[in-house]
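A short write-up of the structure that comes next.
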Amino acid sequence: MTLTSDPQRNKMAAYGRYHTAVVRGIPDSVRYEALIQAEQRDYVDVEKARQEKAVYVQTLRDLGLRIVELPAAEEHPDCPFVEDCAVVCNGTALVTRPGHPSRRGEVHAVKKVLEEDLGLEVVHMVEDEATMDGGDVLFTGKEFFVGLSNRTNEAGARILAETFPDYSVTTIPVARGLHLKCFCTMAAPDVMAVGEGPEAQKAWQEIKARGDHKYAILNVPDDGAANCMFVNGTMIHCAADDFPKSAKTFAAAHLAYPRVQVSNKELAKVDGSLTCCSILI
Numbered sequence: 001m002t003l004t005s006d007p008q009r010n011k012m013a014a015y016g017r018y019h020t021a022v023v024r025g026i027p028d029s030v031r032y033e034a035l036i037q038a039e040q041r042d043y044v045d046v047e048k049a050r051q052e053k054a055v056y057v058q059t060l061r062d063l064g065l066r067i068v069e070l071p072a073a074e075e076h077p078d079c080p081f082v083e084d085c086a087v088v089c090n091g092t093a094l095v096t097r098p099g100h101p102s103r104r105g106e107v108h109a110v111k112k113v114l115e116e117d118l119g120l121e122v123v124h125m126v127e128d129e130a131t132m133d134g135g136d137v138l139f140t141g142k143e144f145f146v147g148l149s150n151r152t153n154e155a156g157a158r159i160l161a162e163t164f165p166d167y168s169v170t171t172i173p174v175a176r177g178l179h180l181k182c183f184c185t186m187a188a189p190d191v192m193a194v195g196e197g198p199e200a201q202k203a204w205q206e207i208k209a210r211g212d213h214k215y216a217i218l219n220v221p222d223d224g225a226a227n228c229m230f231v232n233g234t235m236i237h238c239a240a241d242d243f244p245k246s247a248k249t250f251a252a253a254h255l256a257y258p259r260v261q262v263s264n265k266e267l268a269k270v271d272g273s274l275t276c277c278s279i280l281i
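Residue 1 is where the sequence shown starts when you use UniProt numbering, and the numbers rise one by one after that.
Here you go:
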């Protein structure tokens, strides 16, 4: 389903240019209570997770971003994954209605900082039938792709299209996996990093066939490593200790941008990824 599709309406954003990042602290409760897809829990080492997060935040700071950090909330073990709470584009923030009921309380603190502290125009997704996790929303600078997953539905995608009418919104089925961006993100302007797993490749074929614009693909051996970031001219991707083969793939790609490796080994145990841990503005 393509909800808006006239490419002449698109106001092409300069992809990957940001001035602020909203992040959130890691609560102790993430160890035992964070949501997981796996049947058996691999317990997070909370102190190591905080150390990795500190490196992540410093990387964003080094790239010129102002950091706005919300405190951890023990009652919300998944609160470090702020990306799921809002989609921000061109000065407007769509505050989402996360797909899992246990996460909906996270959005209040995020909405407050976006609206009151950062002065963004805020649209709040309040419709009972709509759900959306920001991890399902892939913005290319030219259009949106929205994963239809267990966390995001068509009603949520429609609200996104209404909120950002200058960009086309194309929905992509995500039958397996948590979010679309678990295995498909923008590695650089007009370049998508896509995992080599079957679900990732299926999503890529949908994007290639139905998107309004053309993109190059960087195939990454590990689906989890395909979650990378492009921030102010620099690619942030998995550490070699986390995904050795995929780190070599990024190095061998010879894209004309500097690269920074950041480890996310601990939060990955509870399905967290690099993009999950910030809202970029």
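Quick reminder that beta carbons are idealized off the backbone N, C-alpha and C, glycines included.
Values in this document were obtained by computation on a predicted structure and should not be read as measured data.
Cα-Cα separation between residue i and residue j, rounded to whole angstroms
i	j	result
A161	V95	13 Å
N138	V191	For the record, residue 138 in the displayed sequence is Leu; it is not Asn. Their Cα atoms are separated by approximately 12 Å.
K11	K142	Since pLDDT at K11 reaches only 47, below the 50 mark, its modelled position is unreliable, and no value is offered.
H19	L274	18 Å
A93	A86	6 Å
E127	P173	22 Å
K112	V22	12 Å
E116	V110	10 Å
S5	Y215	Only weak support exists for where S5 lies, its pLDDT of 44 falling under 50; the coordinates are left without a value.
residue 282	E74	Here the chain has residues from 1 to 281 only, and residue 282 is not among them.
S168	N227	22 Å
N150	P258	35 Å
V146	R41	28 Å
S246	F81	23 Å
H237	K248	11 Å
A251	W204	22 Å
T170	H254	30 Å
A108	P27	The sequence shown places His at residue 108, not Ala. The alpha-carbon atoms of H108 and P27 are separated by roughly 17 Å.
I279	I159	19 Å
D84	R103	9 Å
Y217	A209	Here the sequence assigns Ile to residue 217, which means Tyr is not the residue at that position. I217 and A209: Cα-Cα distance of roughly 13 Å.
P77	E39	18 Å
Beta-carbon separation (whole angstroms), residue i vs residue j, contact threshold 8 Å
i	j	result
T185	L63	T185 to L63, Cβ: 17 Å. No contact.
A193	G156	About 24 Å; that fails the 8 Å criterion.
H179	G211	So it is not a contact: roughly 18 Å between Cβ atoms.
G195	V220	6 Å
D133	P101	Not confirmed; about 12 Å, so no contact.
I67	V57	6 Å
L60	I281	No, L60 and I281 are not in contact; Cβ-Cβ is about 11 Å, not under 8 Å.
Spatially closest choice to residue i from the options, by CA coordinates
i	options	result
G25	A14, A49, D42 and R41	A49
G224	C182, F164 and R158	C182
A14	S263, A188 and Q205	A188
T163	S102, G91 and R104	G91
R176	T170, P165, T152 and Y43	T152
V262	A256, C277 and A252	C277
S29	E206, Y43, A209 and E154	Y43
V46	K265, Q205 and A252	K265
Residue i (DSSP reduced to helix, strand or coil)
i	result
G233	coil
H76	coil
H19	coil
H100	coil
H254	coil
H108	helix
V44	coil
I207	helix
K269	helix
P173	strand
G64	coil
Q261	strand
Interface flag, residue i vs chain B, CB-CB below 7 Å
i	result
N153	The displayed structure is made up of one protein chain only, and chain B is not part of it.
Q: Evaluate contact between the segment 228-242 and the segment 199-212, counting only Cβ atoms and requiring at least three cross-stretch pairs below 8 Å.
A: no
* Asked: So does the segment 32-39 actually touch the segment 258-276, counting three or more Cβ pairs closer than 8 Å?
  -> yes
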